[in-house]
Each structure stands twice: as structure tokens, then as C-alpha cells.
Amino acid sequence: MKNIAFILGAILFTLGIINNNVILGSDVEVDKNVVAVVNGEELSRDKLADMLIEMYGGEGLDLLIRRTLVRQESSKRKVTVTEEEIASRIEYLVEGQINQQMKKGGLKDEDALKSELEKAKLTLDQYRKNIAKMFKLTKGQVEAELLAEKIIKQTIKITDEELQEAYEEELGEKILARQIVFRTLRDAEKTLEIIKTGADFEALAKKESVDRNSASRGGKMRPFGPQGVMGKAVANLKNGEVSEIIKTDSGYHIIKVEKRIPRNMKKFSEVKEDLVKLVTAQKVQTRISPWLLNLAESAEIIRNLPD
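Numbering (my numbering), first residue to last: 145 to 451.
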């Protein structure tokens, strides 16, 4: 089992876990305008603000402007979010990040995570808070995201055709395969001849493929369906067989089929509600950046922060 220390270490360093020589704010009463006292010297809120503006002023101001634009637009449209919705979204995002970190660290369950956290003298609750801070899952940020999502959802219409496409994408037959991608037909032809002599496909993909994303995984592709260009090109191949050269806008491909996963037998009517949520989320993700850009371009914004 991999140790999760390298993951925790990055988080602890980033967030600056305080050691036993520091008195936390909850243990001592101080002026609210004093954010810390170091060896008797008071550090003011204004001093902290000046430092943060100097370091992150432009980025922070852009974020504040976007949140303000979203708040103003939601007020016009009478769109609101509740405290429960905000808390639920933060919890959902935090748990998702924790699951990813556990997977990276090779931890199989929450007990294994707790065991590693104990070595770092952290509780699971503290770890959740650290994750929220690390990924900037603040109440203000999540509230703005939820408001933006609700506003954009008002403009979304989903057709039956789109739901059918999503149904096939999610539950239809899947092909697991590896690929080698070339810039020229000549390079593809040379390598195909080598493959036909029994050469290791995975090793060739790592060495020869110009698609470095899949090459780093030995040519492993994302699962794809039988309907697209790739799917049709390998339609008659059995597991372990290699395709002829396939030309796409990305180059010249040689594909080796590894496995076919049969379609899920759930009926469309059984999953339609989930598909609506999925397609809606995809459309929101696609539209949110252009929508924010349009809000900013349509607004009167005067920036007074010095460069």
C-alpha cells in the first residue's frame, strides 16, 4: 500500500498547519482588527489586506467582480440558494476530493485514511477542512457557482435526441482499446508492418505515438462506442486484433482492440431522469464561462486597484 504522506505533506505545507508554540485565535480574545500577535507585535487586518492585495490583487479583484456580477444577475432574476444547498455542495466536493486522494494514495477505505491521518496528528474533520481550504471551497465561492448554475439552467432545453445520445454514450456498448498515432502515413505504415511481426504494441505506443496523453499509458484510450469513426473502423475486430490505418483530423491511427463491454440492459425510461441531470450539467459546464464573459462585457466596471 502506498503511503499517503506525500499527499498530506503538500496539504499541510500549503495550509501552514500551526505547531504547539502558536496560540490559536479561539484560545485568546484579541481585537478583531488584529489578526495575529507575534512576540508581542500586533499584525493588523489592514497589514494583511495590503500584503494579499500586493500578492494576489488582480486575481482576487477579478474573482470579486465575477461574484458581484453573478449576485447582481441573480437578484434581477430572483434566483436564490439556501444555506443547506451551499453546505451540501461543499460536502459533496470535499468528499469527491478525498476519494481522489485516497485512490492516489492506495487507501482502500476510510479506516485506512484515518490511520494515515493519525500519523500526521490530524482528525478526519480537520482533513476535510484542509481540503476545503486547499481547493478554495469557501461559502462565497460555492454560493456564486450555485447561483450561476441556476441562472444558466433557466436557459437550457434538452431534446430527446440529446438524451438518446447520452443514453448510448453512458450505457451503450463500449470498446476498450490502445492506439498509436502518427503524423504521417509513411510512419504509420512502417510501424504497422513491425506490429504484424509480433512487436509489443504497448511499448511501441509509448515510444512512437505523437498523442503523448495516451502514449504515457501505453496507448490506452478512453472507452468509446461503436458509432463513431473509431468504433466503425474496428467494428469487425476481435479482442487482441489490430486495425488497419485510420485517418482522422488528429493524424493516422493504429488501434488494438482489447475488450468489448456489452451495453447495459437498463431501459431508457429507467435512467431518463439521471440522463437529464447529466446533460444539464454538461451544458452548464459548457456555457458558464461564455456567460460570465458576456456579463462582464455588458457591465460598467471601473477598476481602481493600482497595477
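Ideal Cβ placement from N, Cα and C applies to all residues, glycine included.
Item to check | Leu196, enclosing alpha helix (DSSP H) - first and last residue | outcome: The count along the sequence shown starts at 1 and reaches residue 196 at position 52. Note, Leu196: alpha helix (DSSP H), Arg189 to Arg221.
Checklist entry - In terms of alpha-carbon separation, which member of Gly204, Asp255 and Met374 lies closest to Lys318? => result Working through the sequence shown from its first residue, we reach residue 318 at position 174. Distance check between Lys318 and each of Gly204, Asp255 and Met374 places Met374 closest, using alpha-carbon atoms only.
Next on the checklist: Please state whether the Cβ-Cβ distance between Lys400 and Phe345 is less than 9 Å.
Outcome noted: Position 256 of the sequence shown, counted from the start, is the residue given in the question as residue 400. Position 201 of the sequence shown, counted from the start, is the residue given in the question as residue 345. For Lys400 and Phe345, yes; Cβs fall inside 9 Å.
Checklist entry - Can you tell me the Cα-Cα spacing of Leu307 and Leu268, whole angstroms? => result Residue mapping note: residue 307 aligns to position 163 of the sequence shown, counting from 1. Residue mapping note: residue 268 aligns to position 124 of the sequence shown, counting from 1. Looking at the two C-alpha atoms, the distance is approximately 39 Å.
Checklist entry - To which residues does DSSP link Lys364 through a beta bridge? => result Translated into positions along the sequence shown, residue 364 becomes position 220. For Lys364, which the question treats as bridged, DSSP gives the partners Arg322.
Item to check | For Leu187 and Lys277, the rounded distance between their alpha carbons | outcome: Here residue 277 refers to the residue found at position 133 of the sequence shown. Here residue 187 refers to the residue found at position 43 of the sequence shown. If you take the alpha carbons of Lys277 and Leu187, they lie about 22 Å apart.
Checklist entry - Does the separation of the CB atoms of Ser360 and Gln323 fall below 9 Å? => result Here residue 360 refers to the residue found at position 216 when the sequence shown is read from its first residue. Here residue 323 refers to the residue found at position 179 when the sequence shown is read from its first residue. No, Cβ-Cβ distance for Ser360 and Gln323 is not below 9 Å.
Next on the checklist: Applying the 10 Å Cβ sphere with the 16-neighbour rule, what's the burial state of Phe326?
Outcome noted: Stepping through the sequence shown from its first residue, residue 326 is reached at position 182. Buried, because 16 or more other Cβ atoms sit within 10 Å of the Cβ of Phe326.
Checklist entry - Out of curiosity, what's the CA-to-CA distance linking Ile148 and Glu260? => result Mapped onto the sequence shown, residue 148 falls at position 4. Mapped onto the sequence shown, residue 260 falls at position 116. For Ile148, the pLDDT reaches just 42, beneath the cut-off of 50, and the residue's location in the model is therefore unreliable, leaving the point undetermined.
Item to check | Three-state secondary structure (DSSP) of Lys340 | outcome: Along the sequence shown, read from residue 1 onward, the residue named residue 340 stands at position 196. Three-state DSSP puts Lys340 in a helix.
Checklist entry - Run through DSSP, which three-state label would Thr282 get? => result Counting from one through the sequence shown, the residue named residue 282 turns up at place 138. The answer is coil: DSSP assigns Thr282 none of H, G, I, E or B.
Checklist entry - For Val225, which residues from the same chain have a beta carbon less than 8 Å from its beta carbon, with the 5 sequence-adjacent residues on both sides left out? => result Residue 225 sits at position 81 when you count from the first residue of the sequence shown. The residues Glu287, Leu290, Leu291 and Lys294, in chain order, have a CB closer than 8 Å to that of Val225 in the same chain once the five nearest residues on each side in sequence are set aside.
Checklist entry - On the premise that Ala377 lies in contact with Leu213, defined as a C-beta separation below 8 Å, what is that separation, rounded to the nearest angstrom? => result Translated into the one-based positions of the sequence shown, residue 213 becomes position 69. Translated into the one-based positions of the sequence shown, residue 377 becomes position 233. Not a contact, Cβ separation roughly 46 Å.
Item to check | Cβ contact (3+ pairs, closer than 8 Å) linking the region 418-431 and the region 299-306 | outcome: yes
Checklist entry - Taking buried to mean at least 16 other C-beta atoms within 10 Å of its own C-beta, is Ser453 buried or exposed? => result Any answer about residue 453 is impossible in this case: the structure gives the chain only from 145 up to 451.
Next on the checklist: With distance defined between alpha-carbon atoms, name the residue in Tyr271, Glu217, Tyr311 and Gln285 nearest to Lys411.
Outcome noted: Reading the sequence shown from its first residue, position 267 is the one you call residue 411. Minimum Cα distance to Lys411 is reached at Tyr311.
Item to check | Assigned exposure category for Ser413 - 16 Cβ within 10 Å defines buried | outcome: For this step, residue 413 is matched to residue 269 along the sequence shown. By the neighbour-count rule (16 or more Cβ atoms within 10 Å), Ser413 is not buried but exposed.
Checklist entry - Does the distance from the C-beta atom of Val238 to that of Leu281 stay below 9 Å? => result As a working mapping, residue 238 is identified with position 94 in the sequence shown. As a working mapping, residue 281 is identified with position 137 in the sequence shown. It is a contact, given that the beta carbons lie within the stated cut-off.
Item to check | Contiguous alpha helix (DSSP H) assignments of at least 4 residues, all confined to the region 233-307 | outcome: Counting only unbroken stretches of 4 or more residues, the alpha helix (DSSP H) elements lying wholly within the region 233-307 are 254-263, 268-278 and 283-297, in sequence order.
Checklist entry - Does the region 328-348 come close enough to the region 390-398 to have 3 or more Cβ pairs within less than 8 Å? => result yes
Checklist entry - Rounded C-beta distance between Ile432 and Ile296? I'm assuming under 8 Å. => result What you label residue 432 is simply residue 288 of the sequence shown in a count that begins at 1. What you label residue 296 is simply residue 152 of the sequence shown in a count that begins at 1. The Cβ separation is near 6 Å, so the contact holds.
Next on the checklist: Between Glu333, Glu314, Arg407 and Gly201, which has its C-alpha nearest Asn448's C-alpha?
Outcome noted: For the purposes of this step, residue 448 is taken as residue 304 along the sequence shown, with counting starting at 1. For the residues Glu333, Glu314, Arg407 and Gly201, the minimum Cα distance to Asn448 belongs to Gly201.
Next on the checklist: Quick check: the Cα distance between Gly369 and Leu381, rounded to an integer number of angstroms?
Outcome noted: Position 225 of the sequence shown, counting from 1, holds the residue named residue 369. Position 237 of the sequence shown, counting from 1, holds the residue named residue 381. Rounded to the nearest angstrom, the two C-alpha atoms are 14 Å apart.
Checklist entry - How would you label Glu218, buried or exposed, when you count the other beta carbons within 10 angstroms and need 16 or more for buried? => result Translated into positions along the sequence shown, residue 218 becomes position 74. The sequence shown places Ser at residue 218, not Glu. By the neighbour-count rule (16 or more Cβ atoms within 10 Å), Ser218 is buried.
Next on the checklist: Quick check on Ser442: buried or exposed, where buried means 16 or more other Cβ atoms within 10 Å of its Cβ?
Outcome noted: Working through the sequence shown from its first residue, we reach residue 442 at position 298. With fewer than 16 other Cβ atoms within 10 Å, it is exposed.
Checklist entry - Apart from the five residues on each side of it in sequence, which residues of its chain come closer than 8 Å, Cβ to Cβ, to Asn383? => result Position 239 of the sequence shown, counted from the first residue, corresponds to residue 383. Cβ within range, chain order: Val401, Glu402, Lys403 and Arg404.
Next on the checklist: Give me, in chain order, the residues of the same chain whose beta-carbon lies closer than 8 Å to that of Ser353; leave out the 5 immediate sequence neighbours on both sides.
Outcome noted: Counting from 1 along the sequence shown, the entry for residue 353 is found at position 209. Excluding residues within five positions, the ones whose Cβ falls inside 8 Å are Gln323, Ile324, Val325, Phe326, Ala359 and Gly363.
Next on the checklist: For Tyr236, count the other beta carbons within 10 Å of its own beta carbon; 16 or more makes it buried, fewer makes it exposed. Which is it?
Outcome noted: Sequence index remark: in the sequence shown, residue 236 carries index 92 (1-based). When all chains shown are included, Tyr236 counts as exposed.
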